[in-house]
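Chemist:
Numbering (the numbering used here), first residue to last: -3 to 419.
1) Any contact of the stretch 191 to 199 with the stretch 110 to 126, i.e. 3+ C-beta pairs under 8 Å?
2) Excluding sequence positions up to five away, which residues of its chain have a Cβ less than 8 Å from the Cβ of residue 306?
3) Are the beta-carbon atoms belonging to residue 168 and residue 399 less than 8 Å from one another?
4) Taking only three categories from DSSP, how would you classify residue 293?
5) In the structure shown, what three-state DSSP assignment does residue 173 receive?
6) Within 10 angstroms of the Cβ of residue 372, are there 16 or more other Cβ atoms? Answer buried if so, exposed if not.
7) Please classify residue 407: does DSSP put it in a helix, a strand, or coil?
8) Assuming residue 360 contacts residue 351 (C-beta within less than 8 Å), just tell me the rounded distance between them.
9) From residue 59 to residue 103, what distance separates their C-alpha atoms?
10) Let me know the alpha helix (DSSP H) ranges lying completely inside the stretch 264 to 350, each 4 residues or longer, listed in chain order.
11) Judging by CA-CA distance, which residue of 271, 329, 217 is the nearest neighbour of residue 245?
12) In three-state DSSP terms, what is residue 198?
13) Please list the segments of the beta strand (DSSP E) lying wholly inside the stretch 106 to 172, counting only runs of 3 or more residues, in order along the chain.
14) Spatial neighbours of residue 87 within its chain, please: CB distance less than 7 Å, with the 5 preceding and 5 following residues excluded, ordered by chain position.
15) Residues in its own chain within less than 7 Å of residue 289 by CB, not counting five upstream and five downstream?
16) Applying the criterion that 16 or more other CB atoms from any shown protein chain within 10 Å of the CB defines a buried residue, is residue 6 buried or exposed?
17) What is the rounded straight-line gap between the Cα of residue 2 and the Cα of residue 157?
18) What's the gap between the Cα of residue 12 and the Cα of residue 90?
19) How many angstroms separate the CA atom of residue 125 from the CA atom of residue 257?
20) Excluding sequence positions up to five away, which residues of its chain have a Cβ less than 7 Å from the Cβ of residue 346?
21) Out of curiosity, what's the CA-to-CA distance linking residue 106 and residue 363?
22) With a CB to CB cut of under 7 Å and the five nearest residues on each side skipped, what residues in its chain are close to residue 405?
23) What's the gap between the Cα of residue 25 and the Cα of residue 82?
24) Return yes when the Cβ of residue 128 is within less than 8 Å of the Cβ of residue 441, no when it is not.
25) Inspect the beta-carbon positions of residue 243 and residue 299 and report whether they are closer than 8 Å.
26) If you run the structure through DSSP and keep just helix, strand and coil, what is residue 208?
27) With a 10 Å radius around its C-beta and 16 neighbouring C-beta atoms as the bar for buried, classify residue 217 as buried or exposed.
28) Give the straight-line distance between the Cα atoms of residue 204 and residue 291, rounded to the nearest whole angstrom.
29) Taking the DSSP output, what are the residues bridged to residue 98?
30) Could you name the residues that DSSP lists as bridge partners for residue 40?
31) Three-state secondary structure (DSSP) at residue 65?
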């Protein structure tokens, strides 16, 4: 039942949704479920499952399809899915999804929550809302910042990257409110012209259970990971942003020096084939296909060290969603990333791991050895991560804040309607 005493009609627009079990999808799915459980009437307009494989899971799908997932009405909108997740391909995907949003019925919501990425479709949705008579309140939920992304990834030269930053800023300024998953995003948005009064920080939560030690031991045995080797696991997307060539280089360094370190890349993504080719024949490198949500905690618990790796220069564009799962796992974390970035700041706040430079594979190996060989240090870091998770990353707390946010958005819209009538 709503903790606020008033039920709202809420439309959630986001291209990623269940059954996707990594990235943004689980958070959008749980947001819809959480608001529904509190008595709000939630409707979701999403795409067809495609992440992280970048392949539509259901070829030949209908242009639009209505489903009911856990009591929530969900409309699937067909969109282009690029092979390999290139930036140009993603832009086409966002445009096709956005055009579907423009021409689809949204019902009669009090509040629209638009999840970004994707940015282009968010901009189109914002334009549609602005043109509505007696329009609903519009909230933008930001997981990644595009403007920072194109700069930090170096995918576009100066002028086009500035244009994207301007489009992002203009899109967000059209919203009645903006929710961000980290305070660092709020600072960046304020400098780009989004009023601080419209920005609210709502942290992501851990949606993964703590590992069962017996299941983790079985997972380790099944994959023939030896008791005397240090298993360093990276779980999640294998894209450009992750810069996992550094991990391949670290595995090569470990192999050449006869060190008992095994780097495991679990998941899928646009760069997986390239990485497999680059690391072919290395005894210290292993690739695993994505596992289901039920098996994922066991995979994390089977490792000795959990890894976050980011491309050099990536600092402020995103906070890896895998961190929430890592904190819950009871394992120490090593992050190969920019020391001045948001990932490093999150590790410092949690006390759950250590940071090494993003492009120094030998430093990554040394950090893995340090954590694998010094059990007391590893246990201290792991326990700190679990405490941080309990204190800061509660799903109930996040849902309280999301519900308060959408209620505030609805109140702002009603006040705006009254003001326009009075004029």
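Where a beta carbon is used, it is the ideal one built from N, C-alpha and C, also for glycine.
Modeler: The structure says:
1) Three or more Cβ pairs closer than 8 Å define a contact, and the stretch 191 to 199 falls short of that threshold against the stretch 110 to 126.
2) 237, 238, 239, 316, 331, 332, 333, 334, 337, 339, 354
3) no
4) helix
5) strand
6) exposed
7) Residue state, collapsed to three classes: helix.
8) At roughly 11 Å, the Cβ-Cβ gap does not stay under 8 Å, so residue 360 and residue 351 are not in contact.
9) 18 Å
10) 268 to 274, 292 to 298, 318 to 325, 338 to 346
11) 271
12) The answer is coil: DSSP assigns residue 198 none of H, G, I, E or B.
13) 107 to 112, 133 to 138
14) 116
15) 17
16) By the neighbour-count definition (other C-beta atoms within 10 Å, threshold 16), residue 6 is a buried residue.
17) 43 Å
18) Approximately 12 Å, taken between the alpha carbons.
19) Going from the Cα of residue 125 to the Cα of residue 257 covers about 53 Å.
20) Around residue 346: 323, 380, 381, 384.
21) 51 Å
22) 107, 133, 135, 172, 173
23) 25 Å
24) Nothing can be reported for residue 441: it is not among the residues displayed for the chain, which extend from -3 to 419.
25) no
26) coil
27) exposed
28) Rounded to whole angstroms, residue 204 to residue 291 spans 10 Å at the Cα level.
29) Per DSSP, none; premise fails for residue 98.
30) 8, 70
31) strand
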